[in-house]
Amino acid sequence: MWRAHDQRLSRDVVLKEVRPPAHIEKSDLPSARLHALGEARAAARLAHPAIVTVHDLLEDQGRLWMVTELLRGLTLRETVRHLSRLPIHWAAWVGFQLLAGIRYAHGNGVLHDGIRPSRVLLTEERVVLTGFGFATPENAPAQAATVPTPYAAPERALGARPAEASDLWSFGATLYFGVEGRPPYPADAFVTADDRGEPDPPRHAGPLRPVLDGMLQIDPERRMPAEDATALLVELLKREGIAATLPGRRAESPLPSAFTK
Numbered sequence: 001m002w003r004a005h006d007q008r009l010s011r012d013v014v015l016k017e018v019r020p021p022a023h024i025e026k027s028d029l030p031s032a033r034l035h036a037l038g039e040a041r042a043a044a045r046l047a048h049p050a051i052v053t054v055h056d057l058l059e060d061q062g063r064l065w066m067v068t069e070l071l072r073g074l075t076l077r078e079t080v081r082h083l084s085r086l087p088i089h090w091a092a093w094v095g096f097q098l099l100a101g102i103r104y105a106h107g108n109g110v111l112h113d114g115i116r117p118s119r120v121l122l123t124e125e126r127v128v129l130t131g132f133g134f135a136t137p138e139n140a141p142a143q144a145a146t147v148p149t150p151y152a153a154p155e156r157a158l159g160a161r162p163a164e165a166s167d168l169w170s171f172g173a174t175l176y177f178g179v180e181g182r183p184p185y186p187a188d189a190f191v192t193a194d195d196r197g198e199p200d201p202p203r204h205a206g207p208l209r210p211v212l213d214g215m216l217q218i219d220p221e222r223r224m225p226a227e228d229a230t231a232l233l234v235e236l237l238k239r240e241g242i243a244a245t246l247p248g249r250r251a252e253s254p255l256p257s258a259f260t261k
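Dropping the structure here:
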């Protein structure tokens, strides 16, 4: 990933190579590149304040490059390292905007299949989900998560096809990290439903607990629908005196300085 300058439009951008997964066999590279191109095109058609904007797609000597907007801020992972954990009202505001972007992507037939704190960027006015260059169309073939993480849904490690429910698990695990300062499972936990069991109960979630419990259900059929989680987040924000503004607009109170330093 590089910072670059678009000479035609006189603006700084981010240039990122879109690569097939490292485990792909050489004989499968052509089809993997086609799949990567499809993923990049899926990302490029998304236009939402909570999703990083893709300006252009470039191909050079068989390599695919994505040109995205340059954003200044900290990732959720970096922010939590600085603050230990987010205050509940800010976690709710971050969750509200992030979930709006996820719902928009799902409504356009695009799954992320890789939501995690390092891919959530907090700028002065926006919460932005990055990593959509590797987004997955809903009709993609089933394939186990390449690198199991504490933020991947249990069923993905078992080879289940990416789905809206698996993205919602990852959203819940990411929000859990923001509230608790750690993932719902140890970072080295093997990601299977059998080995992990239920996630550790959150200790600091307070009124966010129903959202986390609803999203982190082992059975994807029992996970809370995204619209129900949105309604709970909106109600929590109202109780905290924060307007549930449309993503991309500043909340009534400024973000903590740690979000932008």
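By the count of UniProt numbering, the sequence shown reaches residue 261 at its end, each step adding exactly one.
Idealized CB from N, CA, C, for every residue including glycine.
Output the distance between the C-alpha atoms of residue i and residue j, rounded to the nearest integer angstrom.
i           : j      : result
GLY241      : PHE96  : 14 Å
PRO210      : THR230 : 12 Å
HIS204      : LYS238 : 20 Å
ARG161      : GLN61  : 31 Å
residue 276 : LEU236 : Because the chain is modelled from 1 through 261, residue 276 falls outside the range shown and cannot be assessed.
VAL191      : ALA243 : Here VAL191 scores only 47 on pLDDT, less than 50, and its place in the model should not be relied on; the value that follows carries that caveat. The alpha-carbon atoms of VAL191 and ALA243 are separated by roughly 37 Å.
residue 263 : LEU9   : The requested residue 263 does not occur in the structure, where the chain is confined to residues 1 to 261.
LEU212      : ARG72  : 28 Å
THR68       : ALA44  : 9 Å
TYR151      : ASP12  : 31 Å
GLU124      : LEU86  : 16 Å
ALA92       : PRO30  : 43 Å
ALA4        : LEU122 : 21 Å
ASP200      : GLU59  : 45 Å
residue 262 : VAL14  : With the chain represented from 1 up to 261, any question about residue 262 goes unanswered, as that position is not in the structure.
LYS16       : TRP65  : 6 Å
Helix, strand or coil for residue i per DSSP?
i           : result
ILE88       : helix
LEU57       : strand
ALA4        : strand
GLU124      : coil
GLU17       : strand
LEU46       : coil
PRO102      : Correcting the residue type first, residue 102 is Ile in the shown sequence and not Pro. ILE102 falls in the helix class under three-state DSSP.
LEU9        : coil
residue 294 : Outside the shown range of the chain, which is 1 to 261, sits residue 294, and nothing can be said about it.
VAL179      : helix
VAL52       : coil
Applying the 10 Å Cβ sphere with the 16-neighbour rule, what's the burial state of residue i?
i      : result
LYS26  : exposed
TRP2   : exposed
LEU99  : buried
GLY131 : buried
ARG126 : buried
GLN217 : buried
PRO186 : exposed
GLY107 : exposed
ASP28  : exposed
LEU208 : buried
ASP113 : buried
Identify the continuous alpha helix (DSSP H) that holds residue i and give its terminal residues.
i           : result
LEU236      : 226-239
residue 303 : Here the chain covers residues 1 to 261 and nothing more, so residue 303 does not appear.
GLU155      : 154-157
LEU76       : 76-83
ASP213      : 209-215
Return the first residue and the last residue of the beta strand (DSSP E) that residue i is part of.
i     : result
THR68 : 63-69
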